[in-house]
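Undergrad: Residue numbers (this note's numbering): 224 to 490.
Sharing a structure, written as structure tokens. Questions coming.
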Amino acid sequence: MSEYRIDELARAANSTVRNVRAYQERGLLPPPRREGRVGIYDGTHLARLQLIGRLLHRGYTASNIAELLRAWQDGRDLADVLGLEQVVTSFFAQELPETITCSELLSLLSPSDGEPSEAQVRELVRAAADVGLIELPPGGHLAEHCADFRVPSPRLLRTTADLIAAGVPTSEVLSLGAQVRRAVDDTARRFVEIMSDYLFRSRAPGWMPSPGEVPAVAAFIDRIRPATAGALQASLALALDHHVDAAFGEYIDRLSSHLSGRNEDSV
């Protein structure tokens with residue numbers, strides 16, 4: 224299990240050291256393991272911190288969250304509670320976010336010798352944000368001078384940069400990325416709707432898993448993530464095989480036609 228110092232934990236959860244300490248003081252976050260004078264946090268703390276952040280984003284106050292957590296933990300073993308939270312939040316991004324400078328972003332997405340204009344930089348930055356490669360500051364406003372950006376998925380940024388480095392035009396890559404993001408978002412939303420309906424359809428509105436139900440719920444959630452990811456990857460691989468085969472066939476047809484025409488001309 225990954226371990227974090229307090230600044231590393233805050234960065235991984237897109238929070239601040241000050242918030243981490245405040246949540247601990249309010250009892251929202253379990254205390255860390257102590258190694259001398261250093262507090263060591265682990266994945267359960269990250270899961271709880273991510274959960275708090277998402278509840279705050281939905282408009283809950285710290286008091287609301289404290290009440291929810293007290294009700295959630297009532298009569299349940301803390302290890303089971305934290306374990307379920309960790310499984311649930313594992314559906315959130317698996318990667319640790321990174322930070323990238325504006326110049327680094329431009330070098331990845333616009334690897335040309337020419338210096339882009341300020342308008343071009345802003346257009347590229349907004350396009351990158353629309354695809355999900357970077358996150359803009361709160362409010363979506365760009366600073367007068369291009370600043371640092373949070374990269375929620377370094378792997379997505381790297382694969383995008385690889386396509387551009389291979390020679391595919393940046394505009395085409397970002398346009399395709401936006402299209403993929405919309406398609407995947409629709410699929411993911413439908414998947415979550417189906418799984419939520421399965422999990423909650425026979426439950427009362429105020430249902431929370433009992434201590435005996437926690438391991439089963441955690442196991443269900445833990446099982447469907449890799450199954451879903453595997454199904455999406457397999458479906459994409461099949462679709463790519465089909466279209467690559469079709470494109471290759473079209474190329475062979477054109478080549479064959481060209482060679483036939485050349486042979487006729489030589490007769």
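Just so you know, even glycine gets a beta-carbon here, dropped at the ideal spot from N, CA and C.
Based on Cα-Cα distance, which residue from 447, 371 and 357 lies nearest to residue 401?
TA: As a first step, residue 401 is located in the sequence shown; it is residue number 178 there, counting from the start. Checked all of 447, 371 and 357; the closest Cα to residue 401 is 357.
Undergrad: What span of residues does the alpha helix (DSSP H) with residue 243 cover, start to end?
TA: Within the sequence shown, numbered from 1, the residue matching residue 243 stands at position 20. Residue 243 -> alpha helix (DSSP H) spans 240-248.
Undergrad: Pair every Cβ in the region 376-389 with every Cβ in the region 408-418, then say whether three or more of these pairs are closer than 8 angstroms.
TA: Verdict: no, contact absent.
Undergrad: My output table needs one value for residue 256: the three-state DSSP class, helix, strand or coil.
TA: Taking the first residue of the sequence shown as 1, we reach residue 256 at position 33. If DSSP states are grouped into helix, strand and coil, residue 256 belongs with the strands.
Undergrad: With H, G and I counted as helix, E and B as strand and the rest as coil, what does DSSP make of residue 283?
TA: For the purposes of this step, residue 283 is taken as the residue at position 60 of the sequence shown. Of the three classes helix, strand and coil, the one that applies to residue 283 here is coil, per DSSP.
Undergrad: Which ranges would you report for the beta strand (DSSP E) in the region 337-409 if only whole runs of at least 3 residues count?
TA: DSSP runs (the beta strand (DSSP E)) wholly in the region 337-409: 372-374.
Undergrad: Between the beta-carbon of residue 360 and the beta-carbon of residue 320, is there less than 9 angstroms?
TA: What you label residue 360 is simply residue 137 of the sequence shown in a count that begins at 1. What you label residue 320 is simply residue 97 of the sequence shown in a count that begins at 1. No, the Cβ-Cβ distance between residue 360 and residue 320 is not below 9 angstroms.
Undergrad: Which value, in whole angstroms, describes the spacing of the CA atoms of residue 460 and residue 453?
TA: One-based indexing of the sequence shown puts residue 460 at position 237. One-based indexing of the sequence shown puts residue 453 at position 230. Distance between the alpha carbons of residue 460 and residue 453 is about 10 angstroms.
Undergrad: Can you grab the Cα-Cα spacing for the pair residue 328 / residue 344, in whole Å?
TA: The residue given as residue 328 occupies position 105 in the sequence shown. The residue given as residue 344 occupies position 121 in the sequence shown. Cα to Cα, the separation comes out at about 10 angstroms.
Undergrad: Helix, strand or coil for residue 453? Go by DSSP, reduced to three states.
TA: The residue given as residue 453 occupies position 230 in the sequence shown. Helix at residue 453.
Undergrad: Quick check on the burial criterion: 16 or more other C-beta atoms within 10 angstroms. Buried or exposed for residue 272?
TA: Counting from one through the sequence shown, the residue named residue 272 turns up at place 49. Classification for residue 272: buried.
Undergrad: Among residues of its own chain, excluding the 5 on either side of residue 447, which ones have a beta-carbon nearer than 8 angstroms to its beta-carbon?
TA: Along the sequence shown, one-based indexing puts residue 447 at 224. For residue 447, where only same-chain residues beyond five positions count, the Cβ hits under 8 angstroms are 418.
Undergrad: Should residue 250 go down as buried or exposed, given a rule of 16 or more other Cβ atoms within 10 Å for buried?
TA: For the purposes of this step, residue 250 is taken as residue 27 along the sequence shown, with counting starting at 1. Per the 10 Å Cβ criterion, exposed.
Undergrad: Starting from residue 231, trace the beta strand (DSSP E) both ways and give me its first and last residue.
TA: Counting from one through the sequence shown, the residue named residue 231 turns up at place 8. Residue 231 -> not in any beta strand (DSSP E); alpha helix (DSSP H) instead, spanning 229-235.
Undergrad: Can you name the start and end residues of the alpha helix (DSSP H) that residue 327 belongs to?
TA: To locate residue 327, count along the sequence shown from 1; it is residue 104. It spans 325-332 - the alpha helix (DSSP H) in which residue 327 sits, taken as one unbroken run.
Undergrad: According to DSSP, is residue 266 helix, strand or coil?
TA: Translated into positions along the sequence shown, residue 266 becomes position 43. Looking at residue 266 - three-state DSSP - the assignment turns out to be helix.
Undergrad: Return the chain-ordered list of same chain residues with a C-beta closer than 6 angstroms to the C-beta of residue 233, the five sequence neighbours on each side being excluded.
TA: Residue numbering aside, residue 233 sits at position 10 when the sequence shown is read from its first letter. 239, 240 and 243, listed in sequence order.
Undergrad: Between 280, 257, 255 and 262, which has its C-alpha nearest residue 237's C-alpha?
TA: The residue given as residue 237 occupies position 14 in the sequence shown. The option with the nearest alpha carbon to residue 237 is 280.
Undergrad: Per DSSP, residue 261 is paired with what?
TA: Here the question's residue 261 lines up with position 38 in the sequence shown. Answer is 258.
Undergrad: Would you mind stating whether residue 350 and residue 397 have Cβ atoms separated by less than 9 angstroms?
TA: For the purposes of this step, residue 350 is taken as the residue at position 127 of the sequence shown. For the purposes of this step, residue 397 is taken as the residue at position 174 of the sequence shown. Contact: yes.
Undergrad: Round the Cβ separation of residue 325 and residue 370 to the nearest angstrom and send it over; I've been treating them as touching at under 8 angstroms.
TA: In the sequence shown, the residue the question calls residue 325 occupies position 102. In the sequence shown, the residue the question calls residue 370 occupies position 147. With a Cβ gap of about 6 angstroms, residue 325 and residue 370 count as contacting.
Undergrad: Assuming residue 255 and residue 262 make a contact with CB atoms under 8 angstroms, what is their CB distance in whole Å?
TA: Sequence index remark: in the sequence shown, residue 255 carries index 32 (1-based). Sequence index remark: in the sequence shown, residue 262 carries index 39 (1-based). Going by Cβ atoms, the distance from residue 255 to residue 262 rounds to 3 angstroms, so yes, they are a contact pair.
Undergrad: Within 10 angstroms of its Cβ, does residue 475 collect 16 or more other Cβ (buried), or is it exposed?
TA: In the sequence shown, the residue the question calls residue 475 occupies position 252. Flag for residue 475 reads exposed.
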